[in-house]
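Right, one structure below, let's go through it.
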Amino acid sequence: MKDLIKVSGMHCSGCEMNIQMALEEKEGIKKVKANHKKAIVEVEYDDKKIGIDEIKKIIKESGYEPE
Numbered sequence: 475m476k477d478l479i480k481v482s483g484m485h486c487s488g489c490e491m492n493i494q495m496a497l498e499e500k501e502g503i504k505k506v507k508a509n510h511k512k513a514i515v516e517v518e519y520d521d522k523k524i525g526i527d528e529i530k531k532i533i534k535e536s537g538y539e540p541e
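The numbering used here puts the first residue of the sequence shown at 475, with every later residue one more than the last.
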């Protein structure tokens, strides 16, 4: 499954890396691409192992605001 998540609070490539690293370590995450200029995170995941609500929770715990 693929989703685009609008995320506020990303200001630089370091922010992108923080989100990508936080998500990539979780089981079920296949691919993550964050873009601070567009304020989006594109995530590909196995929805049998992790859900969109859990993904948004991880982003929020990383200090950013998913919409």
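Ideal Cβ positions, reconstructed from N, Cα and C, are used throughout, including at glycine.
Starting from residue i, follow the beta strand (DSSP E) in both directions and report where the run begins and ends.
{"i": "Glu-518", "result": "514 to 519"}
{"i": "Lys-476", "result": "476 to 482"}
Skipping 5 residues on each side, what residues in its chain have a beta carbon closer than 8 Å to that of residue i?
{"i": "Ile-532", "result": "Ala-496, Leu-497, Lys-500"}
{"i": "Ala-513", "result": "Lys-480, Val-481, Ser-482, Met-484"}
{"i": "Lys-534", "result": "Pro-540"}
{"i": "Glu-490", "result": "Met-484, Ala-508, Asn-509, His-510"}
Can you give me the start and stop residues for the alpha helix (DSSP H) that residue i sits inside?
{"i": "Ile-532", "result": "526 to 535"}
{"i": "Gly-488", "result": "487 to 498"}
Between the options, which lies nearest to residue i when the distance is taken from Cα to Cα?
{"i": "Lys-511", "options": "Ile-524, Gly-488, Glu-528", "result": "Gly-488"}
{"i": "Asn-509", "options": "Asn-492, Tyr-519, Lys-523", "result": "Asn-492"}
For residue i, which residues from the same chain have a beta carbon less than 6 Å from its beta carbon, with the 5 sequence-adjacent residues on both sides left out?
{"i": "Asp-521", "result": "Met-475"}
{"i": "Lys-523", "result": "Glu-501, Gly-502"}
With a threshold of 7 Å on Cβ separation, who are the neighbours of residue i within its own chain once the five nearest residues in sequence on each side are excluded?
{"i": "Lys-504", "result": "Glu-518, Tyr-519, Asp-520"}
{"i": "Asp-477", "result": "Val-517, Ile-526"}
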